[in-house]
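My numbering puts the first residue of the sequence shown at 1152, with every later residue one more than the last.
Ideal Cβ placement from N, Cα and C applies to all residues, glycine included.
Quick notes on the structure that follows.
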Amino acid sequence: MMSEVRKAFKLVDEPDVVQYISELGREVLKVAGPQFFDYQFFVIDDKEFNAFAAPSGLIFMHSGLIDHMDNEDELVGVLAHECAHVANRHIADRIDKATKVNIGTVALVLAGIAMGGGPMSEAVIAGGLATGASMNLKFSRANEEEADRMAFTWMTAMGRDPWAMLSMLSKMRRISILKMGKVPPYLLTHPDPAMRMGYVQDLLSSSGIIETDRGRKDFSFHRIRYRILSTIKSPAEIMPRLRQQIRQGKDPSFMAHYGLALGSLEEGNFSSAEKYLQEVIDHYPDKPVLLADLAVIFSRQGNHAKALSLLEEARKADRDDAFTGYHLARTLEQEGKIDRAIELYEELLRRIPAFGRLHYHLSQNYATRGLLGKSHYHTGVLSFLEGNTENAKYHLNEAIKKLPADDPLKVKAREMLGNVEKLEKL
């Protein structure tokens, strides 16, 4: 499934984004109880207001959806809703009822849905359905209500504000009205937001839960939101909006300044980037990840010694932060400290396996150390993630030849090669 999905669109493959969305997802699953799948959570580089779940616990959030969010509870509410669809087997039930369906067909149709409409989306879906599959992936009213009720229960158990579900449905309703008639019916996997708003409002009224002040800081959410936007948009697209927010006093979290720092960095204006970021650091002196952000600015200027000092300080304060660990590993690599860089990359891979770019760095560094078997293995995995099965097979075969008999990677290489060969037969 992931092999097909990665061919269809681009994922936001950044260490802090992957870690953040995965940790929020695990927070939902903690109250959801035992599940049949190992869920994985991803952010898609796409402007559409959309989120979807695929079979076996793959959850996808669009960057366009996150752009419209105001706080972390709104994001958690959407994650909970999508997890509820998987937990209740809503998608699997529709696939079970379909005819002539294989994994490639399902992946293509879901990839089309993920695109949210438009010519490319319709072409992908048409390609999937051309095999003769008869699929209706639109959730029923009962499916949506069941997912919303379950998400509401989970949000309450998590101590989250379930009113955020209502605010997201309100945004969905406004956007669906604007797009009415432009999106084919088979793409409307989450239909009728107005109807959903009705029974979510009833749940809120009967629960007696009072709406909280969602203008609270939510530092991590706003940092990740601006990190995503700076990754997928140009400074010219986002910086005027941020400056207007600051002028109008609509920046309660103070994180629009952070967005301006990222935009200035992308423009190569290092002094402005440092100035804006220092203002954020002064506002949040207890957030060590901001030191890592500052280190990136110095690294871009070629001052690796200063960057390394800041990253070591940030990692000492928060050893588990993936963004800090990743940029520390990159800086060590630039300074020629390959063994420690490899150690950090391997540690990150164990903690956030969904961060695919780690395989590129490991492949390069193992090649530098002359460990060609390990290098081929990670190149093979990366090729597989990028949908290049021929390249994956070549490098995995080379890894099997070159790895020592007792190396655990040899077993993993054989397993992955088997999976690639199975995929080619679907």
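Limits of the beta strand (DSSP E) - the one that residue i falls within
| i | result |
| --- | --- |
| Ala1424 | Counting along the chain, Ala1424 falls outside any beta strand (DSSP E), though it belongs to the alpha helix (DSSP H) covering Phe1421 to His1434. |
Residue nearest to residue i in terms of C-alpha spacing, selected from the options
| i | options | result |
| --- | --- | --- |
| Ile1493 | Leu1162, Ala1308, Ile1503 and Ala1480 | Ala1480 |
| Gly1476 | Glu1541, Lys1158 and Gln1170 | Gln1170 |
| Glu1537 | Gly1507, Leu1500, Lys1426 and Leu1411 | Gly1507 |
| Gly1208 | Asp1197, Tyr1190 and Asp1218 | Tyr1190 |
| Thr1307 | Ala1543, Lys1181 and Glu1497 | Lys1181 |
| Gly1359 | Ala1473, Pro1391, Asp1312 and Ser1318 | Asp1312 |
| Lys1322 | Arg1347, His1546 and Asp1472 | Arg1347 |
| Ala1183 | Asp1197, Met1309 and Asp1196 | Met1309 |
| Ile1172 | Cys1234, Lys1158 and Pro1185 | Cys1234 |
| Phe1372 | Lys1525, Asp1218 and His1546 | Asp1218 |
| Ser1385 | Glu1418, Pro1185, Arg1374 and Lys1401 | Glu1418 |
| Asp1167 | Leu1522, Gly1569, Ala1443 and Glu1484 | Ala1443 |
| Leu1320 | Ile1375, Arg1374, Thr1304 and Met1220 | Met1220 |
| Ser1356 | Trp1314, Arg1325 and Ala1387 | Trp1314 |
| Pro1504 | Gln1186, Leu1533 and Leu1522 | Leu1533 |
| Ser1214 | Val1163, Pro1185, Arg1177 and Asp1437 | Val1163 |
Limits of the alpha helix (DSSP H) - the one that residue i falls within
| i | result |
| --- | --- |
| Phe1626 | A question about residue 1626 goes unanswered here, because the residues of the chain that appear run from 1152 up to 1577. |
| Val1447 | Val1440 to Arg1451 |
| Ser1173 | Pro1166 to Ala1183 |
| Tyr1190 | Counting along the chain, Tyr1190 falls outside any alpha helix (DSSP H), and DSSP gives it neither H nor E. |
| Met1567 | Pro1559 to Lys1576 |
| His1373 | Phe1370 to Ile1383 |
| Ser1415 | Ala1407 to Glu1418 |
| Leu1393 | Pro1386 to Arg1398 |
| Ile1489 | Ile1489 to Arg1502 |
| Asn1539 | Note, Asn1539: premise wrong, no alpha helix (DSSP H); not H, not E. |
Cut-off 7 Å between Cβ atoms - residues of its own chain near residue i, not counting five sequence neighbours on either side
| i | result |
| --- | --- |
| Ile1489 | Asn1516, Thr1519 and Arg1520 |
| Pro1270 | Any reading at Pro1270 must be qualified, since the residue scores a pLDDT of 44, below 50, and its modelled position is unreliable; the value itself is stated next. Same-chain partners within the cutoff: there are none. |
| Ala1556 | none |
| Phe1535 | Ser1154, Ala1543, Met1567 and Val1571 |
| Thr1118 | Residue 1118 lies beyond the stretch modelled for the chain, which goes from 1152 to 1577, so this question has no answer here. |
| Glu1549 | His1527 |
| Trp1305 | Val1179, Val1182, Ala1183 and Ala1231 |
| Glu1165 | Arg1378 and Thr1382 |
| Ile1375 | Asp1167, Val1168 and Tyr1171 |
| Phe1474 | Pro1166, Asp1167, Val1440 and Ala1443 |
Contact set for residue i: own chain, Cβ-Cβ below 6 Å, skip 5 residues either direction
| i | result |
| --- | --- |
| Pro1439 | Ala1465, Ala1468 and Asp1469 |
| Met1212 | Val1194 and Ala1202 |
| Met1316 | Gly1228 and Val1351 |
| Ala1407 | Leu1393, Gln1396 and Ile1397 |
| Glu1425 | Ile1448 |
| Tyr1496 | Ala1480, Leu1509, His1512 and Leu1513 |
| Asp1472 | Val1440 |
| Leu1554 | Gly1524, Leu1560 and Lys1561 |
| Asp1558 | none |
| Phe1188 | Ser1207 and Gly1208 |
| Ser1423 | Ser1415 |
| Glu1362 | Trp1314 |
Cβ neighbours of residue i in the same chain (closer than 8 Å, five flanking residues each side left out)
| i | result |
| --- | --- |
| Leu1486 | With the sequence shown as reference, residue 1486 is identified as Glu, and Leu is not the correct amino acid for it. His1455 and Leu1459, listed in sequence order. |
| Met1331 | Because the pLDDT at Met1331 is just 47, under 50, the model does not fix this residue reliably, and the value given afterwards should be weighed accordingly. There are no such residues. |
| Lys1563 | Tyr1528 |
| Leu1216 | Glu1199, Phe1200, Asn1201, Ala1202 and Val1229 |
| Leu1175 | Phe1192, Glu1223, Leu1226, Val1227 and Leu1230 |
| Tyr1435 | Phe1370, Phe1405 and Leu1441 |
| Asn1239 | Asn1294, Glu1297, Ala1298 and Met1301 |
| Gly1410 | Tyr1377, Leu1380, Ser1381, Ile1389, Met1390 and Leu1393 |
| Phe1421 | Ser1415, Ile1448, Arg1451 and Gln1452 |
| Gln1429 | Leu1445 |
| Ile1326 | Phe1200 and His1219 |
Counterpart residues of residue i in DSSP-defined beta bridges
| i | result |
| --- | --- |
| His1213 | Ile1195 |
| Phe1203 | Phe1211 |
| Leu1513 | For Leu1513, which the question treats as bridged, DSSP gives no partner whatsoever. |
| Leu1162 | Ile1195 |
heavy atom of the ligand SAM below 6 Å from residue i C-beta
| i | result |
| --- | --- |
| Val1237 | This structure lacks the ligand SAM, and indeed carries no ligand of any kind. |
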